[in-house]
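The structure appears right after this line, and notes come after that.
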Amino acid sequence: LRGPAATVMEAAHHTRGWTNLAHAATALGYGARAHEFLGRAAAGLAGTSSPYLEGLTQTARLVLAWHEGRWQGLHAAADRTARLYAEIPDLTAEAMLVRGLTALHVLGDVSRARLDLAEAARVTCYDTGVILTASAAATARVHLEAGRPGQACEAVEETLNRLGLTGGWVWAGEVAPTAVTALCESGQTERARRLVADFAAGL
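In structure tokens, the structure reads:
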């Protein structure tokens with residue numbers, strides 16, 4: 665990614681690369697770096713004309729806005745984006761994730777949130793690492809709030825297994841705290857300790 669792109673194809677690769685870095689920075693809590701990377705991705709768009717890449721940067725901005733607490737109008741923006749990119753599963757999934765999270769935490773619409781979160785996890789094909797962990801964590805929080813720790817554990821089980829198999833613990837910041845709470849509240853304290861150890865070792 666160093667230096668200007670020499671071809672349209674290279675510009676497209678640069679845009680995708682900067683956007684992927686923005687996602688990773690967002691997941692790790694480095695908002696300023698994420699903004700910087702998205703700025704570089706946007707600059708790369710000038711050298712290409714790809715609706716997919718435009719959508720990729722747009723959904724990355726939605727996820728970053730969610731993490732930074734910039735929630736005013738975010739549900740509507742996510743809804744527009746989900747509809748605009750309805751034919752591109754992964755872009756739809758990221759937009760639906762943000763729409764579901766804002767439905768839950770901003771609008772208080774639990775039933776709508778659960779539908780969006782489940783659908784986001786279902787339709788994603790090439791998850792950036794954000795969708796499965798965030799949707800599982802949010803669904804588990806719904807169960808915890810309702811006093812259902814066992815169901816909260818079930819909500820995160822598949823995602824935890826996938827993280828363990830892939831070693832993608834860098835993406836676990838979204839789900840690990842909720843999973844530990846669910847495990848402890850359901851009496852699985854030893855497994856909770858193992859999860860914390862795996863998370864720490866994986867980082």
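Just so you know, the numbering used here puts the end of the sequence shown at 867, numbered straight through with nothing missing.
By construction, the Cβ of each residue, glycine as well, lies at the ideal position given by its N, Cα and C atoms.
Since we're looking at a predicted model, the values are computed, not measured.
Legend entry - Among Thr745, Ala782, Trp833, nearest to Ala861 - alpha-carbon criterion: Walking along the sequence shown from the start, residue 861 turns up at place 197. It is Trp833 whose Cα lies nearest to the Cα of Ala861.
Inset, instruction - Compare the C-beta of Arg812 with all C-beta atoms of chain B and state if any pair is closer than 8 Å. - result: The structure shown contains no chain B; it is built from a single protein chain.
Legend entry - Of the listed residues Glu818, Arg857, Glu732, nearest to His699 (C-alpha basis): If you number the sequence shown from 1, residue 699 lands on position 35. Selected option, being the one with the closest Cα: Glu732.
Inset, instruction - Keeping to the same chain, check which residues put their C-beta closer than 8 Å to that of Arg826; ignore five residues upstream and five downstream. - result: The residue labelled residue 826 in the question sits at position 162 within the sequence shown. For Arg826, where only same-chain residues beyond five positions count, the Cβ hits under 8 Å are Leu796, Gly832.
Inset, instruction - For Leu692, name the three-state secondary structure that DSSP assigns. - result: Mapped onto the sequence shown, residue 692 falls at position 28. Coil, per DSSP.
Legend entry - Contained alpha helix (DSSP H) runs [length at least 4] in the stretch 805 to 841, N- to C-terminal order: 813 to 830
Legend entry - Distance, Leu709 Cα to Pro668 Cα: Locating residue 668 in the sequence shown gives position 4, where the first residue counts as 1. Locating residue 709 in the sequence shown gives position 45, where the first residue counts as 1. Cα-Cα distance, rounded: 12 Å.
Legend entry - Through-space distance from Leu728 to Arg734, alpha-carbon basis: Here residue 734 is taken as the residue at index 70 of the sequence shown, counted from 1. Here residue 728 is taken as the residue at index 64 of the sequence shown, counted from 1. Distance between the alpha carbons of Arg734 and Leu728: 9 Å.
Legend entry - Under 8 Å between C-beta atoms of Leu692 and Gly837: Residue 692 sits at position 28 when you count from the first residue of the sequence shown. Residue 837 sits at position 173 when you count from the first residue of the sequence shown. Result yes, Cβ atoms of Leu692 and Gly837 sit closer than 8 Å.
Legend entry - Buried/exposed call for Pro813, threshold 16 Cβ in 10 Å: If you number the sequence shown from 1, residue 813 lands on position 149. The residue in question, Pro813, is buried, as its Cβ has 16 or more Cβ neighbours within 10 Å.
Inset, instruction - Using alpha carbons as the reference points, say which of Trp730, Ala757, Val794, His678 lies closest to His769. - result: Mapped onto the sequence shown, residue 769 falls at position 105. Cα-wise, what sits closest to His769 is Trp730.
Inset, instruction - Round the Cβ separation of Ala800 and Asp780 to the nearest angstrom and send it over; I've been treating them as touching at under 8 Å. - result: The sequence position of residue 800 within the sequence shown is 136, counting from 1. The sequence position of residue 780 within the sequence shown is 116, counting from 1. So it is not a contact: roughly 13 Å between Cβ atoms.
Legend entry - For Gln722, the first and last residue of its enclosing alpha helix (DSSP H): One-based indexing of the sequence shown puts residue 722 at position 58. First-last of the alpha helix (DSSP H) with Gln722: 715 to 731.
Legend entry - Nearest-angstrom Cα separation, counted from Thr803 out to Leu720: For the purposes of this step, residue 720 is identified with residue 56 of the sequence shown, where counting begins at 1. For the purposes of this step, residue 803 is identified with residue 139 of the sequence shown, where counting begins at 1. One C-alpha to the other measures close to 24 Å.
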